[in-house]
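Just so you know, we're using our numbering here: the sequence shown kicks off at 10 and counts up by one. All C-beta atoms, glycine included, are put in the ideal place defined by N, C-alpha and C. Note that the coordinates shown come from a computational prediction; the quantities given were computed from them, not determined experimentally.
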Amino acid sequence: MPYRRELEALRRAGRLRRRRLFDPSLVDFASNDYLGLSGKKKQLHRALRRLEGFGVHAPKASLLVNGYHPIHEIFERRIAELNGFEAGIVVGSGFLANLALVESLVRKKDALFIDEEYHASGMMGAGLLEGRVEQFAHNDPETLRHLLRQSPARRKIVAVEGVYSMSGELLRREIFDVAKEEGAILVVDEAHSSGVLGDRLLGVFEHYGIAPGPMQIKMGTLGKAYGSYGAYILASRHIVEYLENRGKPIIYSTAPSVIDTALALENLEYVRRHVPKLRRRLQKRRRIVREACGIEMKAQILPYPVASDEEAMRFQRRLMERGFLVGAIRRPTVERPILRIIPRLGASKKALRSLCARLKEGL
């Protein structure tokens, strides 16, 4: 057992993790399935019917060998068009997309400026850059501006999230302005804002009324609001062409699942057709949280602070006994442990009110 000591240390610290199959009868307030699309069988059947006209339904190879499927191309064109970008490219996962962006965009004499609360995938990529990285104070445009102005880097790349995955905090509008004024490339990870924010639920660009420009890149995932699996990168044609040629996770990975991309395409169109209804339902759940818990939500993530890692696990178990499943997020994922609660559309308003009542009563 070569890693016995490491595992024992995690166990003593109360941080040992395990995969687990949860009781499906629990009301799910833990997953990132914001719009409740993961269980819509009609959408799955539509995706499978869409694939029937093609000879193959699996990618077979990397995108640049012969794994690029017509479904990939249709999805890329559609999501780029809806979001106002010139081009898009599908990627196997959000983790791979962030790695591809960070390791390929930041060359010698360039520098990455990354929010200190950016996702672990971006931080892992930053670890490959050998000193060409500056972390800036979370969501702080003035600190970012200072660092950009002080840097002698040839190209400056800024990486931020549209909605931060643990806190639910929105990216500040001023970050867009600072990046533009300082001539930096801006990468926005919209994993938790696409499908949740904006008049058409397209994310933080739309929420702030920002038309994408040639120095802006949007990364998004398909395993959250879009109820499937995979990811995409939207940018100018120039940057997408560059990523095809320099992004190692894009070049050397098997192309994304064709079935999952087809499902994401069907769900993308579902969201487009039902925007008014979906927005109303999202807003109702935020209102319930405000009225029942006294907490104002800007997106669809509710972080509920607890005193310790052990308490997070204890409270999660207690809520499960009452029929609710929430996320128990411990260190080092977060600085302070939280219950991470997602008022998703797949769970009823009645259940959400009941959960909020439990929280207000101290569980």
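In the three-state reduction of the DSSP assignment, R362 falls in the helix class, which pools H, G and I. The distance from the Cβ of P265 to that of P68 is about 7 Å, consistent with a contact at the 8 Å cut-off.
Secondary structure note for M228: its beta strand (DSSP E) is the uninterrupted segment Q225 to T230. Comparing alpha carbon positions, the residue from A146, Q309 and D186 closest to Y127 is A146.
For K165, the uninterrupted beta strand (DSSP E) run begins and ends at K165 to E170, by DSSP. The three-state secondary structure of G97, taken from DSSP, is strand. Ranked by how close their Cα comes to the Cα of Y235, the residues T263, D269, A301 and N254 have D269 in first place.
Straight-line spacing of the CA atoms in L274 and R340 works out to 36 Å.
Under the three-state reduction of DSSP, A244 is assigned to strand.
Under the Cβ criterion (8 Å, minimum of three pairs), the segment 151–168 does not count as touching the segment 91–106.
Per DSSP, I123 is one residue of the beta strand (DSSP E) stretching across A120 to D124.
Using a C-beta cut-off of 8 Å, the segment 324–339 makes contact with the segment 28–48, since at least three inter-stretch Cβ pairs fall below that distance. Between M224 and A106 a beta carbon distance of about 18 Å is seen, past the 8 Å cut, so the two are scored as non-contacting. Counting the other Cβ atoms within 10 Å of the Cβ of Y12 gives fewer than 16, which makes it exposed. Scanning the segment 101–155 for uninterrupted beta strand (DSSP E) segments of 3 residues or longer gives 120–124 and 142–145, listed from N- to C-terminal end. In the structure shown, I347 adopts extended strand secondary structure according to DSSP, grouped into three states. When the beta-carbon positions are compared, I351 and Y43 come within less than 8 Å of each other. The alpha-carbon separation between E61 and L53 amounts to approximately 13 Å. Contact between the segment 152–160 and the segment 199–210 is absent: fewer than 3 CB-CB pairs across the two stretches fall below 8 Å. If you check the CB distance, G177 and P312 come in under 8 Å.
Annotated as distal: L361 and I310, with beta-carbon spacing of 8 Å or more.
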